[in-house]
């Protein structure tokens, strides 16, 4: 109960300041030597979430202790070959810089990794969402925020990939490749996103949806081909001897939820894309989220891959709401429905995953 109260207090505080940032948002250029009011509120919104990530105890998150031990090996120059394959060049470099500047305290690792993870999520949401506060609420309710306590390295990679989506929108291939490779240097799995600079430009129509459906069915039926490819990658070889290399019943439940989310979103696709053609990028990613989740029912390791695409809903859902609302009352009604739906999702998902992920009991590093 204490943990839930801590999470809610910090998250409500963060969302409150984000609402204020939205209210004070303006397109006016800031005067030299001043800071926009919206920026001040954004920083105030950012701090509570960073405190939870950065000041958490080594016991919060199943993977946390392993990362702390790996950080110690990095600083002692005692990394093994397996460590180097697991951690990635980018993550090792970040840890070395942290160690040189701040010393051997793992708290600074948590603060730095947490800062950049939240920075990329906030930046992507603020730049691309029609309703940033709803986007942040969805991010928290999906329990993706809590995963930063556990899968810290991959969540940083996911945040960078999430940020890189805007370069598909602006057709900036060089910037997109740079950020995808940056994410890959932190977590090898991020390289899978590279071809989506082109894939995300597909139109959302009956023809392409049918192609997606056929492709998903073929992928499921001939999964052995995909599995042989995974086996040949470093990512696959690292997890081959773990439970991630088997099927899981939770994958079927997640498939059902994500299929419902996709169908509900596609109902409003024409209106949403007519308002902003770039929303088709998010729709393509949502479809791929469902496809990869289908394949995850065969092998659980792909569950982590789906998250790269699942984040699209963080922006897509608020953009759908904004495209449907022509008056304030309707907008407030739709937002209320989304808040209730994701509050339920938050409760159920947290209850089902918190213990296994190690964030069911929160404590600060000094406790």
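In the working numbering, the protein residues as written are 694 to 1060. We put the CB at the ideal spot given by N, CA and C, even for glycine. All values derive from a computational prediction rather than experimental measurement.
Rounded C-alpha distance that separates residue i from residue j
i: residue 717; j: residue 911; result: 50 Å
i: residue 778; j: residue 800; result: 24 Å
i: residue 908; j: residue 956; result: 17 Å
i: residue 1043; j: residue 1015; result: 28 Å
i: residue 766; j: residue 792; result: 11 Å
i: residue 916; j: residue 809; result: 36 Å
i: residue 761; j: residue 753; result: 12 Å
i: residue 773; j: residue 1023; result: 58 Å
i: residue 1008; j: residue 852; result: 13 Å
i: residue 976; j: residue 994; result: 24 Å
i: residue 960; j: residue 1041; result: 25 Å
i: residue 702; j: residue 709; result: 11 Å
i: residue 733; j: residue 999; result: 34 Å
i: residue 1010; j: residue 943; result: 24 Å
i: residue 837; j: residue 831; result: 9 Å
i: residue 974; j: residue 865; result: 14 Å
i: residue 899; j: residue 819; result: 32 Å
8 Å contact criterion, which residue i and residue j should meet: CB distance rounded
i: residue 987; j: residue 913; result: 6 Å
i: residue 842; j: residue 746; result: 7 Å
i: residue 811; j: residue 742; result: 6 Å
i: residue 859; j: residue 901; result: Between residue 901 and residue 859 the Cβ distance is about 23 Å, and since that is not below 8 Å, they are no contact.
i: residue 817; j: residue 871; result: Not quite, the Cβ-Cβ distance comes to about 15 Å (not below 8 Å), so this is no contact.
i: residue 849; j: residue 806; result: 6 Å
Alpha helix (DSSP H) segment containing residue i, residue limits
i: residue 903; result: 899-914
i: residue 778; result: 774-780
i: residue 866; result: 866-879
i: residue 733; result: 730-747
i: residue 1058; result: That residue, residue 1058, is in no alpha helix (DSSP H); it is neither H nor E in DSSP.
i: residue 714; result: 695-716
i: residue 889; result: 889-892
i: residue 752; result: Here residue 752 belongs to no alpha helix (DSSP H), and DSSP marks it neither H nor E.
i: residue 967; result: 962-968
Minimum C-alpha distance to residue i - residue among the options
i: residue 1026; options: 905, 827, 948 and 778; result: 827
i: residue 759; options: 954, 845, 944 and 997; result: 845
i: residue 888; options: 899, 835, 881 and 873; result: 873
i: residue 834; options: 974, 1038, 875 and 916; result: 1038
i: residue 1012; options: 1002, 996, 865 and 969; result: 969
i: residue 713; options: 824, 921, 700 and 771; result: 824
i: residue 785; options: 878, 1000 and 705; result: 878
i: residue 1051; options: 698, 755 and 1058; result: 755
i: residue 781; options: 697, 867, 805 and 883; result: 883
i: residue 891; options: 920, 904 and 861; result: 861
i: residue 1017; options: 966, 776, 921 and 875; result: 966
i: residue 945; options: 798, 789 and 983; result: 983
i: residue 1002; options: 885, 899 and 923; result: 885
i: residue 1045; options: 728, 866 and 947; result: 947
i: residue 798; options: 952, 739, 700 and 768; result: 768
Which whole runs of the alpha helix (DSSP H) in the stretch 971-1025 are 4 residues long or more, in chain order?
-> 972-989, 996-1003 and 1005-1017
Entirely within the stretch 806-872 and at least 4 residues each: give me those alpha helix (DSSP H) ranges in chain order.
-> 825-834, 837-843 and 845-862
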